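Accompanying notes for the structure given below.
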Amino acid sequence: MDKEFKQRFVVAMGKLAVLFEGELPQEKVELYYKYLSYFPIEKLENAIEYLIKNRKNHFFPLISEIIEAIEGNVELKASEAWCELIGNSFVNSDNLTIMTKKTCELAFGSLEDFYTADTKSESFDRTYFIKCYINLYNSSEEFDKYLANRKIKELNE
39 MDKEFKQRFV VAMGKLAVLF EGELPQEKVE LYYKYLSYFP IEKLENAIEY LIKNRKNHFF
99 PLISEIIEAI EGNVELKASE AWCELIGNSF VNSDNLTIMT KKTCELAFGS LEDFYTADTK
159 SESFDRTYFI KCYINLYNSS EEFDKYLANR KIKELNE
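Residue 39 is where the sequence shown starts when you use our numbering, and the numbers rise one by one after that.
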């Protein structure tokens, strides 16, 4: 990592320390750096500003909370994916993101099954889709395998 990133990272962590902890052990800074250094520094700084403004408890944010602040709430992403899914049609399904397609396959069997299903159970379908999205998002290792297999299939076609 470059020197500017490290300096800005230390300043950002220092802001959190002043508000939530006081002294910040070097080991803690190094651990947070290990898990957060692959994010662009601007996103990290924005996430920390967000946590400073919106955090309701007085405990130092966990690494996972900072990552969630950077990436956005997974439930919100799942809702957006649902909107993406119902806003398209089977013929336009190429416009869907890979995550939305995979979640649809996991939840309903296939895109075609989803688009030909009865719309009477849309409320249940939405809830189930969001649960599947969250599970898939949280098991990113499995999702990475899916993407790798998909790329291999595409290369073989």
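Heads up, the beta-carbon is just placed ideally off N, CA and C, and yes, glycines get one too. Here the structure is a predicted model, which is why all the values come from computation and not from measurement.
{"query": "State yes or no: is the C-beta of alanine 119 within less than 7 Å of the C-beta of tyrosine 88?", "result": "no"}
{"query": "Which residues mark the beginning and the end of the alpha helix (DSSP H) in which lysine 29 is found?", "result": "The requested residue 29 is not part of the displayed model; the chain covers only 39 to 195."}
{"query": "Which of helix, strand or coil does DSSP assign to aspartate 132?", "result": "helix"}
{"query": "If you draw a straight line from the C-alpha of phenylalanine 97 to the C-alpha of phenylalanine 58, how long is it?", "result": "6 Å"}
{"query": "Could you check how far apart the C-beta atoms of leucine 174 and leucine 144 are, in whole angstroms? I think they sit under 8 Å.", "result": "6 Å"}
{"query": "Quick check on this structure: which residue in Ser177, Glu109, Lys158 has the alpha carbon closest to the alpha carbon of threonine 141?", "result": "Ser177"}
{"query": "Could you give the distance in angstroms between the alpha-carbon of asparagine 84 and the alpha-carbon of glycine 110?", "result": "12 Å"}
{"query": "Leaving out five residues on either side along the sequence, give the residues of the same chain with a beta carbon under 6 Å from the beta carbon of threonine 138.", "result": "Ala119, Glu122, Leu123"}
{"query": "Among the candidates Glu80, Thr165, Asn92, whose CA atom is the shortest distance from the CA of phenylalanine 43?", "result": "Glu80"}
{"query": "Measuring CB to CB, does isoleucine 101 end up less than 7 Å from tyrosine 70?", "result": "yes"}
{"query": "Pick helix, strand or coil for serine 102, following the three-state DSSP scheme.", "result": "helix"}
{"query": "On a CA-only basis, which of Thr154, Phe146, Phe152 is nearest cysteine 170? Give me that one, please.", "result": "Phe146"}
{"query": "Starting from the C-beta of methionine 51, find all residues in its chain whose C-beta is less than 7 Å away, skip the five residues before and the five after it, and write them out in chain order.", "result": "Leu62, Val67, Tyr70"}
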